[in-house]
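Novice: Got a structure for you, questions after.
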Amino acid sequence: MELASKYDPQIVESKWYQYWLDNKLFSSKPDGREPYTVVIPPPNVTGVLHMGHMLNNTIQDILVRRARMEGKNACWVPGTDHASIATEAKVVNRLAQQGIKKTDLSREDFLKHAWDWTNEHGGIILKQLRKLGCSCDWDRTAFTMDEVRSEGVIKVFCDLYKKGLIYRGVRMVNWDPQAKTALSDEEVIYKEEHSKLYHLKYYIAPEDQVKVSRKAEGNVMHKDDKGYYAVVATTRPETIMGDSAMCINPADEKNTWLKGLHVIVPLVGRVIPIIEDGYVDIEFGTGCLKVTPAHDINDHALGLKHGLETIDIFNDNGTISEAAGLYVGQDRMDVRKQIAKDLEAASLMEKVEDYDNKVGYSERTNVPIEPKLSTQWFLKMQHFADIALAPVMDDDIEFYPKKYKNTYRHWLENIKDWCISRQLWWGHRIPAYYFKDAEGKPATVVAENDAEALKLAQAVNASVIAADLEQESDCLDTWFSSWLWPISVFDGVNNPDNEEINYYYPTSDLVTGPDIIFFWVARMIMAGYEYRGKFPFKHVYFTGIVRDKQGRKMSKSLGNSPDPLELIEKFGADGVRMGMMLAAPAGNDILFDEALCEQGRNFNNKIWNAFRLVQGWETADLEQPEASKIAVSWFDAKLKAVNVEMQQQFKDYRISEALMTVYKLFWDEFSSWYLEMIKPEYGKPIDKATYEATLAFFDNLLKMLHPFMPFITEELWQHLYEHKDGESIMRIELKIDEPTAEEMKLADDIELVKQIVSGVRMVRNQKNIAPKVELDLVAIAQNNFEAYNSIITKMANLKRIEVMAEQSADASGFMVGTDSFAVPVGDLIDVAAEIEKQEKELKHLEGFLMGITKKLANENFVANAPAAVIERERKKQSDSEEKIATLKASLEELRARR
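The end of the sequence shown is residue 898 by the UniProt record's numbering, with every number in the run present.
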């Protein structure tokens with residue numbers, strides 16, 4: 001069947017993806033082969049495809065398709081994440097548009113809306129991944145809140161609680177005022193901000209003013225007509241309503257006068273003590289620190305140590321609480337602006353300075369977080385850090401690039417307990433139940449279901465009935481389900497000895513971004529060792545961040561992120577995949593440019609046209625020409641060498657390099673050289689031996705290209721030979737043979753032959769000799785490439801190749817290749833055209849020389865320019881003079897021949 005004249009990716013891609021689905025070609029079942037398992041980093045269930053997904057999933061698909069062609073049982077498990085905070089926010093927003101508040105609904109009613117949203121939007125991103133060509137086993141699609149995964153999450157929570165690794169307590173947490181939930185440390189993004197440093201006056205309490213006047217001289221004391229005062233520098237004046245103390249460093253000489261005194265909180269009027277602690281940085285600000293135990297993790301530690309009062313001045317939504325006494329109900333950011341004005345008006349502001357600092361933002365809602373004391377559930381992490389550090393450090397689990405080992409080590413060596421509770425309804429509800437014991441005191445049980453909880457509660461208090469149990473309203477952090485992903489997708493939590501978990505676990509490769517190395521990668525490793533006694537994956541490939549060609553991170557706000565589906569529509573999926581991978585070395589940021597996708601589309605067209613060229617040749621029972629025989633042997637050797645090279649590149653996860661290797665093989669070696677070496681004369685047939693070898697080469701090239709460009713390779717492979725229905729290139733094993741020493745020698749020889757041919761072609765170009773004009777080639781003294789005369793003659797369009805003694809070589813010859821060959825051009829040169837060309841070059845050089853000569857004649861330049869610059873200009877002068885002399889001599893000879 002003839003190919004269309006032009007490659008149309010829209011037709012080809014939809015046709016073959018449906019064919020793959022219809023024939024279950026992505027499906028995997030346990031068998032006797034070596035498994036190759038990849039689990040998808042589950043995207044948010046309500047998300048849509050972005051450039052980061054494109055990169056990540058292209059790499060995964062390349063690895064999976066390559067594994068299939070290596071004869072492995074490849075299983076790529078897709079799925080989505082329920083994304084508690086993001087999804088709940090979307091549902092709350094949609095309800096608000098309908099005039100419904102979350103607080104007006106019961107938990108059950110709200111969850112109905114959440115499931116409606118999930119069912120409506122949940123499959124979008126997975127369908128988009130199909131457009132990219134992702135070869136996931138779609139029958140295995142998992143969701144972190146489906147029945148199997150949910151059962152596993154609850155089972156793990158109960159197990160860890162029984163082991164004493166989960167506890168509930170009042171701790172300082174990161175609070176998201178917009179989502180109104182706690183966050184883990186890893187969900188806080190710190191951003192550099194241009195802020196203000198406010199210097200506030202804390203007047204000494206009236207009863208202590210007399211004490212100040214008796215202090216020894218030499219201290220730096222502040223005083224105005226209202227009395228003595230200390231100065232506190234803060235970036236958050238809105239928190240002064242929560243101040244419980246002022247703190248100084250006992251070693252700070254400039255503030256010794258404050259020891260043992262009390263101060264008045266500005267505007268608030270509350271008297272607080274001055275305490276001493278080595279925690280205070282003497283060099284920061286004035287060395288005086290306001291202590292707000294309810295709203296700073298370090299202040300909280302000071303409060304516990306010194307027995308200070310804790311005053312929580314923020315409501316859950318970031319407004320000021322009644323405990324503050326001032327600005328009640330106003331938003332914290334509005335209060336910051338207003339309190340600064342009020343402090344100025346009351347003469348309580350010493351000064352305001354510009355100040356750059358880092359501010360923590362919620363990774364989910366992008367609002368500044370608030371440190372907040374809150375009752376939460378925590379997982380003790382030191383146990384997990386102890387079991388998860390060595391495997392990465394010892395390369396039982398290998399990171400690519402290796403640099404991320406240090407990032408991983410630093411986090412584990414400074415591990416903090418994980419706050420796993422979230423004040424949300426969308427998620428896995430914490431299986432803790434509260435009731436009263438026999439003495440009427442609060443009691444708690446943790447159980448996998450209501451019935452088991454009742455049994456446990458009745459063991460504590462026999463009179464408890466189901467109605468007495470109140471389940472915890474908080475749900476679990478989304479990552480508490482994701483950390484089980486490589487186990488839970490094979491039901492390995494609920495059924496730890498099933499056939500699939502035993503066959504597919506541990507998985508082979510994980511492809512992910514370094515931004516979730518703590519959220520996800522480290523925690524999956526912890527869960528793997530805790531519940532399977534083995535790592536969850538052998539290799540972790542960290543992608544970079546996709547940036548625009550100016551180096552800016554792609555984002556909606558900047559408007560610099562293209563729509564992936566529009567790119568696929570414009571360039572085809574294979575073109576986009578190639579464009580992504582051309583700029584995607586492991587771990588390095590990707591500077592994405594649409595021109596790379598265009599390059600990918602052009603490569604598709606190159607492959608298509610090369611195939612049409614070969615397909616258009618007629619064959620005949622002819623003797624194989626010597627040039628074709630050599631070409632076939634050479635390209636066979638080249639194929640073997642490149643296959644071995646790519647095998648090592650895949651082993652080292654240098655995937656973009658592997659793509660460039662096969663790209664150059666096809667474009668430069670196969671299309672530009674091999675096909676030219678064997679191409680029959682116009683209108684004549686090609687011999688069958690060469691043709692069959694060429695089809696075999698095409699077969700190999702398509703297999704090598706298939707992981708990167710699955711659609712066009714399937715289309716052409718199906719045209720290459722007759723295939724049974726249901727067969728696919730993805731199921732054909734790619735065999736890799738090492739080239740012999742003799743084959744490598746042939747490959748090296750042909751590289752030198754190519755230099756000779758290129759040299760002859762360059763002479764034609766420089767001397768305006770038409771390609772159809774046959775030339776002679778002279779080997780000086782001896783021809784070391786006589787065995788390849790047939791190739792050189794055909795590719796360079798020569799009449800003959802002669803050996804000539806060096807001294808008798810034609811003086812009008814131009815040296816080519818290895819400088820042991822010359823092309824005698826004689827009368828073949830268009831003398832008039834050559835004279836015109838050289839006169840033009842002479843005129844340019846003379847003008848260039850004049851400019852340099854003027855510069856060197858300038859005394860100021862010579863006197864003031866660095867010696868190296870002057871030397872460089874003089875070198876340009878001498879080189880130009882030499883070239884001008886050569887050109888003049890050449891022109892004189894040419895004019896004599898005219």
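The C-beta atom is built at its ideal place from N, Cα and C for all residues, glycine as well.
Bear in mind the structure is a predicted one, so any value in this text is a computation, not a measurement.
Taking residue 273 as part of the beta strand (DSSP E), name the residues at either end of that continuous run.
Specialist: Unbroken beta strand (DSSP E) run through residue 273: 271 to 276.
Novice: What first and last residue would you give for the beta strand (DSSP E) that runs through residue 247?
Specialist: 245 to 248
Novice: For residue 209, which option in 198, 229, 191 has the closest C-alpha, if you only look at C-alpha atoms?
Specialist: 229
Novice: Might you give, ordered along the chain, the residues of its own chain that have their beta carbon closer than 7 Å to the beta carbon of residue 416, omitting 5 neighbours on each side?
Specialist: 185, 381, listed in sequence order.
Novice: Along the chain, where does the beta strand (DSSP E) containing residue 376 start, and where does it finish?
Specialist: 370 to 379
Novice: Count the CB pairs spanning the segment 491 to 508 and the segment 526 to 538 that are closer than 8 Å, and state whether there are at least three.
Specialist: Yes: the two stretches touch, three or more of their Cβ pairs being nearer than 8 Å.
Novice: Quick check: the segment 361 to 381 against the segment 390 to 407, are there 3 or more CB pairs under 8 Å?
Specialist: no
Novice: In its own chain, which residues sit with a C-beta less than 7 Å from the C-beta of residue 634, not counting the 5 before and 5 after it?
Specialist: Taken in chain order, the residues that qualify are 746, 747, 750.
Novice: From residue 342 to residue 254, what does the alpha carbon distance come to, in whole angstroms?
Specialist: Their backbone Cα atoms lie some 29 Å apart in a straight line.
Novice: Between residue 533 and residue 467, what straight-line distance do the alpha-carbon atoms span, to the nearest angstrom?
Specialist: Straight-line Cα distance between these residues: approximately 40 Å.
Novice: Going by the beta-carbon positions, is the gap between residue 900 and residue 265 smaller than 8 Å?
Specialist: Nothing can be reported for residue 900: it is not among the residues displayed for the chain, which extend from 1 to 898.
Novice: Going by C-alpha distance, which of 588, 515, 525, 304 is nearest residue 544?
Specialist: Of the candidates 588, 515, 525, 304, the one whose C-alpha sits nearest the C-alpha of residue 544 is 588.
Novice: Quick one: what does DSSP say residue 535 is sitting in, helix, strand or coil?
Specialist: coil
Novice: Closest to residue 84 by C-alpha separation, out of 115, 685, 71, 600, would be which residue?
Specialist: 115
Novice: In angstroms, rounded to a whole number, what distance separates the CA positions of residue 583 and residue 605?
Specialist: 20 Å
Novice: With 16 other CB atoms within 10 Å as the buried threshold, where does residue 844 fall?
Specialist: With a 10 Å radius around the Cβ and a threshold of 16 neighbouring Cβ atoms, residue 844 comes out exposed.
Novice: What does DSSP give as the partner residues of residue 471 in its beta bridges?
Specialist: 433
Novice: By the DSSP assignment, the beta strand (DSSP E) with residue 85 in it spans what residues?
Specialist: No beta strand (DSSP E) holds residue 85; the alpha helix (DSSP H) holding it covers 84 to 97.
Novice: Comparing C-alpha positions only, which one of 547, 194, 716 sits nearest to residue 561?
Specialist: 547
Novice: So the alpha helix (DSSP H) residue 285 belongs to, where does it begin and stop?
Specialist: Where residue 285 is concerned, there is no enclosing alpha helix (DSSP H), given that its DSSP letter is neither H nor E.
Novice: Measure the CB-CB distance between residue 482 and residue 175 and report whether it falls below 8 Å.
Specialist: no
Novice: How many angstroms separate the CA atom of residue 660 from the CA atom of residue 760?
Specialist: 28 Å
Novice: In the segment 554 to 587, which residue ranges form an unbroken alpha helix (DSSP H) of at least 4 residues, counting only runs that do not cross its ends?
Specialist: Scanning the segment 554 to 587 for uninterrupted alpha helix (DSSP H) segments of 4 residues or longer gives 564 to 571, 573 to 582, listed from N- to C-terminal end.
Novice: Buried or exposed: residue 376, going by 16 or more other Cβ atoms within 10 Å of its Cβ?
Specialist: buried
Novice: Any beta-carbon of chain C closer than 8 Å to the one on residue 788?
Specialist: In the displayed structure, chain C is absent; only one protein chain is listed.
Novice: Per DSSP, what kind of secondary structure is residue 139 in: helix, strand or coil?
Specialist: helix
Novice: Where do the N-terminal and C-terminal ends of the alpha helix (DSSP H) with residue 160 fall, by residue?
Specialist: 147 to 162
Novice: Look up residue 420 in the DSSP assignment and say whether it is helix, strand or coil.
Specialist: coil
Novice: Could you check whether residue 801 and residue 784 sit closer than 8 Å to each other, using their CB atoms as the reference points?
Specialist: Taking a C-beta distance under 8 Å as the contact criterion, residue 784 and residue 801 do not qualify as a contact pair.
Novice: In this structure, does DSSP put residue 26 in helix, strand or coil?
Specialist: It is coil, neither helix nor strand.
Novice: Using only the alpha-carbon positions, how far apart do residue 679 and residue 870 sit?
Specialist: 55 Å
Novice: Where does residue 384 land, buried or exposed, given buried means 16+ other C-beta within 10 angstroms?
Specialist: Buried: at least 16 other Cβ atoms inside 10 Å.
Novice: Within 10 angstroms of its Cβ, does residue 133 collect 16 or more other Cβ (buried), or is it exposed?
Specialist: buried
Novice: Is the beta carbon of residue 76 sitting closer than 8 Å to the one on residue 40?
Specialist: Taking C-beta atoms as the reference points, residue 76 and residue 40 count as a pair closer than 8 Å.
Novice: Out of 874, 619, 195, 138, which one is the CA nearest neighbour of residue 684?
Specialist: 619
Novice: Give the DSSP-derived three-state secondary structure of residue 203 in the structure shown.
Specialist: strand
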